[in-house]
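Following: one structure in structure tokens, then a few remarks.
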Amino acid sequence: SEAGRVAFLFSGQGSQYPGMGSDLAMAFPQARAPWDLAASHSVTGPLKLHKLAFPPAAFDQVEFGNQQQRLTLMQHAQPAIAATALSHLALLEALGLEAEMAGGHSFGEIMALHYAGAFDRDAALTIAASRGREMANAAQTTEGAMLAVQCPADRIAPLGLAVWIFYLA
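Heads up: the sequence shown runs through residues -19 to 149, numbered per the numbering used here.
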């Protein structure tokens, strides 16, 4: 039979949960290495993502809810999702599996850009942490919304909207 094409789709914020990726990180050194990088990273290290993503077992619903709530904070969720994606990518690379294309939903676009070669793992963690922090800060002072617009950037720039444009070569 003919081989199919492979694409990687990266998930966005909302996909996080306590224990995400722990099974792979415990079983495969390649999957653990990005978590070690995140723990020693100048920006994500102080967040202690490994403790947020791999908390001790919760013995009651209150503690489980607290763990989920800490991981759901934007400043934690986005870099934790990045570390999980980097972990999965490291294992896929070790297995020799490559994608022809990549895409992402919301925050997942950052990881798709990383996979496409726009920036390295270190920068991916920095971007994820900065994006999460800035979004959390903005949410404290502003009621915001997100809107997807399909038009040239120069048409909406005069409106003063934050514009994120991603081009893949």
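All residues carry an ideal CB built from backbone N, CA and C; glycine is no exception.
Subject >> Sequence-distant residues of the same chain with beta carbon closer than 6 angstroms to Arg12, five excluded per side >> reply: Ala5
Subject >> Cβ neighbour criterion (16 or more within 10 Å) applied to Met0 >> reply: That one is buried.
Subject >> Opening and closing residue of the beta strand (DSSP E) in which Phe(-10) lies >> reply: Ala(-13) to Phe(-10)
Subject >> Given Lys28 as reference, the closest of Ala119, Leu139 and Leu105 once Cα atoms are compared >> reply: Leu105
Original post:
Three or more beta-carbon pairs under 8 angstroms between the region 59 to 70 and the region 80 to 96, yes or no?
Top reply: yes
Original post:
Going along the chain, which residues of its own chain have a beta-carbon closer than 7 angstroms to the beta-carbon of Pro35, five neighbours each way excluded?
Top reply: Pro(-2) and Gln47
Subject >> 8 angstroms Cβ shell around Ala119 - same chain, five flanking residues per side excluded >> reply: Met54
Subject >> Nearest-angstrom beta carbon gap, Gly112 and Ala57 [assumed within contact, 8 angstroms] >> reply: Contact flag correct, Cβ pair sits at about 6 angstroms.
Original post:
Any idea if Leu93 is buried or exposed, counting beta-carbon neighbours within 10 angstroms, 16 or more meaning buried?
Top reply: buried
**OP:** Identify the continuous alpha helix (DSSP H) that holds Ala167 and give its terminal residues.
**Re:** Summary: the structure shown does not reach residue 167, with the chain confined to residues -19 through 149, and so no result is reported for it.
Original post:
Helix, strand or coil: which one does DSSP assign to Ala82?
Top reply: strand
Original post:
Fully enclosed by the region 98 to 132, which alpha helix (DSSP H) runs are 4 residues long or longer?
Top reply: 101 to 121
Original post:
Alpha carbon to alpha carbon, how far is His30 from Trp15?
Top reply: Cα to Cα, His30 sits roughly 7 angstroms from Trp15.
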